[in-house]
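Below is one structure, written out as structure tokens; comments come after it.
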Amino acid sequence: MSDAFEKITLRQLQIFLAVVEHKSFVAAAAQLDLTPPAVSMQMSRLSEFLDAPLFDRDGRSIQLTAAATALIPYAERMTEALIEACNVIDGLQGRLDHLVRVAMVTTSRNFGPHLLQEFGRLHPDIQIETTIANREKVIELLETGNVDLALMGRPPQRIEVEAVPFASHPYVLIGHPAHILAGKQHIARRELVNFKFIAREAGSGTRMIHDYYFTSHSVQFPSIYVVMDSNENIKQAVMANMGLAFISAHTIALECQTKKLRILPAEDMPAMREWFAVHLKGRQLRPAAESFKAFVLNEGPNFIRRFFGNLPKELLRA
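Just so you know, the sequence shown maps onto residues 1 to 318 in full-length UniProt numbering.
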């Protein structure tokens, strides 16, 4: 392996990480726009240069060897270092000074694009790239430096970030207008254990609200009738009277206005959280990203109040 340093390429490490992610040469090839034989050949060469097997075949899938597992963090560091170097050089050349890359959690999709549109109207010289994804994907984009800022409801814990709140974020309990609880003036927490719930996937911000509502008071969990991967699907399920759900009030403005959903007066609800503008700690933002951050912090509260003006007033306090 003495000459491995001269023979191993960054492209081979990129292919290696794609294979590790998918546990499949075919899926890695599709991601990288290569053919499966090309991926197989490059992995054979990498294994040869390292003088160690990297993958064991198990039917149609592949398993990582001890050597492959050991290689992963080094391959990640090298590819990330190259990305960072390219970003620095692009910044020096002025290519990124007028670009801001923003990621948003799916809960913010109702207002986030409108917020970006307002920013773009005030800063027509700045190009905006937007990604809307679940919480884990947004954290991954932050961690790898593929976005400058994120709009999310709860800052991540596993990476160091600077997180500044810019607006209140109420969560509520919703039900179908014909649900048996819809006519009540107050619903005790313990009363809810007798009803079916629609919930987001484990790890999402909305699911954390759901779980904490019961565990914080040592109340038995109600039955989760079905788990769904988006707030839009949850709204449709509740409108079909399949069950109750905790959800961001910022995702149901239209449904409340048209009386397709009802906010239920559950004990200790609404649960008031905050929207945060988040970026990696210690990473200097480029001018366009700094402008967007300043806009969100200065204009975000008034924007949220205007945008969600049709929600009950008690949900709009900032």
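Glycine included, each C-beta is placed from N, C-alpha and C at the ideal position.
Quick caveat: nothing in here was measured; it's all calculated off a predicted structure.
Open item on the list: Between which residues of its own chain and residue 166 is the CB-CB distance below 6 Å, once the five residues before and five after are set aside?
Closed with: 275, 277, 296, 297, 300
TODO: Take residue 221 and list the residues in its own chain whose beta-carbon comes closer than 6 Å to its own, dropping the five residues that flank it on each side.
DONE: Cβ within range, chain order: 214.
Task: Which residues DSSP lists as bridging residue 120, in chain order - done: Answer by DSSP bridge pairing: none, since residue 120 is not bridged.
Task: Given residue 263 as reference, the closest of 280, 191, 238, 286 once Cα atoms are compared - done: Looking only at 280, 191, 238, 286, the smallest Cα-Cα distance to residue 263 is reached by 238.
Task: Cβ-based neighbour list, residue 154, same chain, cut-off 6 Å, excluding 5 preceding and 5 following - done: 205
Task: From 163, 306, 224, 137, residue whose alpha carbon lies closest to that of residue 243 - done: Measuring from the Cα of residue 243, the nearest candidate turns out to be 224.
Open item on the list: Tell me the rounded alpha-carbon separation between residue 46 and residue 74.
Closed with: Roughly 14 Å separates the two Cα atoms.
Task: Cβ neighbours of residue 230 in the same chain (closer than 7 Å, five flanking residues each side left out) - done: 106
Task: Residue burial classification, residue 81 (beta-carbon count within 10 angstroms, cutoff 16) - done: exposed
- [ ] Take residue 9 and list the residues in its own chain whose beta-carbon comes closer than 8 Å to its own, dropping the five residues that flank it on each side.
- [x] none
TODO: Give me the Cα-Cα distance between residue 62 and residue 271, rounded to the nearest whole angstrom.
DONE: 45 Å
Task: At least 3 beta-carbon pairs within less than 8 Å: the region 107 to 114 vs the region 142 to 149 - done: no
TODO: Could you check what DSSP says for residue 175 in three-state terms: helix, strand or coil?
DONE: Three-state DSSP puts residue 175 in a strand.
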